[in-house]
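Asks: If you use the UniProt record's numbering, the sequence shown corresponds to residues 1 to 369, in order. What follows is a structure written as structure tokens; I'll ask about it next.
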Amino acid sequence: MTFPLSDLPNEIILAIAKELHSESAINALARTSRHLYSLLNPFLYQYHEHPKIPALHWAAQGGYSSTLISLLDAGVDLYASPIWYPDQTHTLTHHPLITAIWNGHLNIVNLLLDRGGMSERLKEEDYELPLNRAIWYGHMPILQLFLQKGVNPWDTRKIESALVAAVRRGCPEILKLLLRDAEHRQLLDPARLLQELGHALWVAAHHGNDELIHLLLAEGADVNFRWDGTTSLDSAVINDHYSTAKILLQAGADPKMVDCDYIGPLSRAAKPSEGIWLRQGTRRYQRPRDSSHLVVPYPQAVRDELVAMTRLLLDYGADAAGPDGATALRIAMRSKNPELTNLLLVHGARVLGINRTIHGANEENDYWC
Numbered sequence: 001m002t003f004p005l006s007d008l009p010n011e012i013i014l015a016i017a018k019e020l021h022s023e024s025a026i027n028a029l030a031r032t033s034r035h036l037y038s039l040l041n042p043f044l045y046q047y048h049e050h051p052k053i054p055a056l057h058w059a060a061q062g063g064y065s066s067t068l069i070s071l072l073d074a075g076v077d078l079y080a081s082p083i084w085y086p087d088q089t090h091t092l093t094h095h096p097l098i099t100a101i102w103n104g105h106l107n108i109v110n111l112l113l114d115r116g117g118m119s120e121r122l123k124e125e126d127y128e129l130p131l132n133r134a135i136w137y138g139h140m141p142i143l144q145l146f147l148q149k150g151v152n153p154w155d156t157r158k159i160e161s162a163l164v165a166a167v168r169r170g171c172p173e174i175l176k177l178l179l180r181d182a183e184h185r186q187l188l189d190p191a192r193l194l195q196e197l198g199h200a201l202w203v204a205a206h207h208g209n210d211e212l213i214h215l216l217l218a219e220g221a222d223v224n225f226r227w228d229g230t231t232s233l234d235s236a237v238i239n240d241h242y243s244t245a246k247i248l249l250q251a252g253a254d255p256k257m258v259d260c261d262y263i264g265p266l267s268r269a270a271k272p273s274e275g276i277w278l279r280q281g282t283r284r285y286q287r288p289r290d291s292s293h294l295v296v297p298y299p300q301a302v303r304d305e306l307v308a309m310t311r312l313l314l315d316y317g318a319d320a321a322g323p324d325g326a327t328a329l330r331i332a333m334r335s336k337n338p339e340l341t342n343l344l345l346v347h348g349a350r351v352l353g354i355n356r357t358i359h360g361a362n363e364e365n366d367y368w369c
């Protein structure tokens, strides 16, 4: 005599399930009837305590709160080795928390931190990557959650600062949120704030983000702040961002400032950048320039760009007669750019008999020649 499997006592069915060493086998058994599904579904969640725990990532990716709650209630391990790496640079690199942030699921982030107890387990430095990813993916509500929980976005050791990440993302709202939060919680002293704003301004100039340039200047960024030996004006010029350079000059950027090798904006304006900047949403990214545009003599369109940038610098007081102008003239002559050469000569540029190093090499360095 035969009878349905579902007619067996629950204890026997669970005993059978425990002897099945395959998740797919348990799942097949659960799908044979509604009764078996309701009986074995919690067992399937418990099965995900296995190191692979794929259901955690599935719930985090899709924003499935009920699935995550069932997994947490079943005792799923949020600190299993495949997703928790305390010995690596970032403990949470492969964690479902990062998956949830990537997909913008605030509900899942909340559940993992509160119901999952991660808030009690995570150290301050563990929040660096989650906070950075919330900024990079532009998820304001998740960033606000971290800030409300007291996370300090300025206490970074292994990753770039939160403000710089916001600039790279190209999001003024996130930038303003970070600054207002720092002001409200008094997280930055005046010197540190000046450094953070200056670095952010340099990065905004590098990307040619004029909106953020205006915002950072309004927040008090020093237009002549040096980052890694160069100014924001240098950063804009070397990346061929004409409008950005003009904004900085109008705000008081000094076109006469040079680095320890006497290289300044004029020298940097004499040669085209090796990439062009494109925009995708709020972000800007660099694509390699057509290689033919970097071959001497440069195409007319490229020469026109170099002349326009140089003329802008000269209009705002760049010193063509000094060492920076001499280097610019040398580059213009060697790159066979007659328009730029004549412009510099008219403004007093002369080839000076000096011997200096540029980026650790002599003045014949190919970068400048």
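Beta carbons: idealized from backbone N, C-alpha and C, even for Gly.
So, helix, strand or coil for Q144, using DSSP?
Replies: The answer is helix: DSSP assigns Q144 an H, G or I state.
Asks: For H48, which three-state DSSP category applies?
Replies: With a pLDDT of only 46 at H48, under the threshold of 50, the placement of this residue in the model should not be trusted; the figure read from the coordinates follows. Correct three-state label for H48: coil.
Asks: Between which two residues does the alpha helix (DSSP H) holding Y316 run?
Replies: Element bounds for Y316: n/a, residue is neither H nor E.
Asks: What beta strand (DSSP E) runs, 3 residues minimum, are completely inside the segment 209-287?
Replies: 275-280
Asks: Would G325 be called buried (16 or more neighbouring beta carbons within 10 Å of its own) or exposed?
Replies: By the Cβ neighbour-count rule, G325 is buried, with 16 or more other Cβ atoms within 10 Å of its own.
Asks: Closest to K336 by CA distance: which of L294, P323 and L312 is it?
Replies: Looking at the Cα atoms, L294 is the closest of the given residues.
Asks: Looking only at C-alpha atoms, which of R115, Y64, V76 and H207 sits nearest to D240?
Replies: H207
Asks: Buried or exposed for Y298, going by 16 or more other Cβ atoms inside 10 Å?
Replies: buried
Asks: Taking K158 as the reference, which of Q88, R268 and G63 has the closest Cα?
Replies: Q88
Asks: Determine the contact status of L212 and V258, defining contact as a CB-CB distance below 7 Å.
Replies: no
Asks: Does the segment 79-94 come within contact of the segment 134-141, defined as at least 3 CB pairs closer than 8 Å?
Replies: no
Asks: Given this structure, state the Cα-to-Cα distance separating G229 from C260, to the nearest angstrom.
Replies: Approximately 8 Å, taken between the alpha carbons.
Asks: Less than 7 Å between the beta carbons of I101 and A134, yes or no?
Replies: yes
Asks: Considering E128, what are the terminal residues of the alpha helix (DSSP H) in which it resides?
Replies: E128 to W136
Asks: Judging by CA-CA distance, which residue of L266, A205 and L71 is the nearest neighbour of S232?
Replies: When only C-alpha atoms are compared, the closest one is A205.
Asks: Can you give me the Cβ contacts of N132 inside the same chain, cut-off strictly under 6 Å, excluding the 5 residues immediately before and after it?
Replies: Here the set comprises I159 and A165.
Asks: Does L97 come out as helix, strand or coil in the three-state DSSP assignment?
Replies: helix
Asks: Alpha carbon to alpha carbon, how far is A321 from V346? Give it in angstroms, no decimals.
Replies: 10 Å
Asks: Is it true that the CB of N103 sits closer than 7 Å to the CB of Q61?
Replies: yes
Asks: Considering only their Cβ atoms, is the gap separating D181 from L217 smaller than 7 Å?
Replies: Against a cut-off of 7 Å, the Cβ pair of D181 and L217 comes out as no contact.
Asks: So A253 and V223 are in contact, right, with Cβ under 8 Å, and what is the actual spacing, rounded?
Replies: 5 Å
Asks: Quick one: using the 10 Å Cβ neighbour count with 16 as the cut-off for buried, is K271 buried or exposed?
Replies: buried
Asks: Of the choices M309, N152, D234 and A332, whose alpha-carbon is the least far from that of M123?
Replies: This sequence places Lys at residue 123; Met is not what is there. Comparing Cα positions, the closest option is N152.
Asks: Give the straight-line distance between the Cα atoms of R226 and Q300, rounded to the nearest whole angstrom.
Replies: Cα to Cα, R226 sits roughly 33 Å from Q300.
Asks: If D189 sits next to S243, beta carbons under 8 Å apart, how far is it from one beta carbon to the other, in whole angstroms?
Replies: Between S243 and D189 the Cβ distance is about 33 Å, and since that is not below 8 Å, they are no contact.
Asks: Between which two residues does the alpha helix (DSSP H) harbouring R289 extend?
Replies: Segment: none, R289 is in no alpha helix (DSSP H) and carries neither H nor E.
Asks: If you follow the alpha helix (DSSP H) that residue 370 is part of, which residue opens it and which one closes it?
Replies: Nothing in the structure corresponds to residue 370, since the chain is present only between 1 and 369.
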